[in-house]
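A quick write-up on the structure given underneath.
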Amino acid sequence: MLTGSIEWWNHIASVWEEKGDYRDRPDEYTMIASMLSGSVLEIGCGFGTFAKYLPEDCYYTGVDISVAMISKAWTGNEGDEHKTFLVGDIRHMDWPSKFDFTVCMQTLEHFTDPDLVAVMERIVSLTEKALLFSVPREPKTAHLDHQQEWLTEDCLLATFSQWGKTTILPTPPEDKHWVGVIQFSEETK
Ligand SMILES: C[S@@+](CC[C@H](N)C(=O)[O-])C[C@H]1O[C@@H](n2cnc3c(N)ncnc32)[C@H](O)[C@@H]1O
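Each residue of the sequence shown is one higher than the last, beginning at 15 in the numbering used here.
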């Protein structure tokens, strides 16, 4: 099974489900959700756990390459007109209009270098105001499937500032994740 393939992510979904690991990180999700309004796209939404934290008036679309993750994400959200979950590959995704915000957590590190640029360019083309992201704050050797590492704030800024004004949000130094915002327009809320 090729690391990063659809089959691989479906397999990871079953491993996480067996462990009851639904990727719930209340502090990170609450901080990111508090910055959102209007239409929100989440890329690599996994089991859809973040969607629980959204302000009620947001219109949310979660996209993930894994059908296993997306079928779990629909559970309990079936009648909610504010939430949609779709199976899709961000590398090939088009949308008729822009979203106000895009969220992408613990996903960008899985792309190799030319793919990361393509994904970021797609995010820029799909997003009006800002990208809210989180990425690991640890060496990529900690997770062999990670293709990218961002060990310091400077190396994060060097990667992401080319797409917009990038700010790294304050989190405790012991946190294993960086949380950041890339602004594509002056208005973020
Ligand atoms: C490490 S998980 C992160 C899940 C969740 N966002 C979190 O913060 O814990 C990465 C997610 O990205 C999805 N993914 C990987 N490649 C993708 C792609 N090309 N397009 C859309 N989703 C993708 C995977 O299926 C997986 O659910």
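Cβ atoms here follow ideal geometry from the backbone N, Cα and C, with glycine treated the same way. Values in this document were obtained by computation on a predicted structure and should not be read as measured data.
For this session: Can you say whether Lys86 is buried or exposed, counting buried as having 16 or more other CB atoms within 10 angstroms of its CB?
Result: buried
For this session: Say yes only if the C-beta of His96 is nearer than 7 Å to one or more non-hydrogen atoms of ligand 1, and no if none qualify.
Result: no
Exercise. Near Lys203, which residues of its chain fall below 7 Å by C-beta distance, leaving aside the five closest residues on each side in sequence?
Worked result: Bear in mind that the predicted position of Lys203 carries a pLDDT of just 44, short of 50, making it too unreliable to give a figure here.
Exercise. Which of the three DSSP states, helix, strand or coil, is assigned to Lys66?
Worked result: helix
For this session: Could you tell me which residues DSSP puts in a beta bridge with Gln197?
Result: Ala144 and Lys179
Problem set entry | Among Lys112, Gly102, Thr155 and Leu171, the one whose alpha carbon lies nearest that of Ile20 | Gly102
Exercise. What are the residues that DSSP puts in a beta bridge with Phe99?
Worked result: Gly76
Exercise. Would you say the beta carbon of Gln176 comes nearer than 7 Å to a heavy atom of ligand 1?
Worked result: no
Exercise. Taking the DSSP output, what are the residues bridged to Trp192?
Worked result: Val149
Problem set entry | For Lys112 and Glu135, believed in contact at Cβ under 8 Å, the rounded distance | Not a contact, Cβ separation roughly 14 Å.
For this session: Verify whether the separation of the beta carbon atoms of Gln176 and Leu130 is less than 8 Å.
Result: no
Exercise. Between Asn24 and the rest of its own chain, which residues show a CB-CB distance below 6 Å, the 5 nearest in sequence each way excluded?
Worked result: Ser80 and Ala82
For this session: Would you mind giving the Cβ-Cβ distance between Phe64 and Val133, rounded to the nearest angstrom? I have them listed as a contact below 8 Å.
Result: Not confirmed; about 18 Å, so no contact.
Exercise. Does the separation of the CB atoms of Gln197 and Ala144 fall below 8 Å?
Worked result: yes
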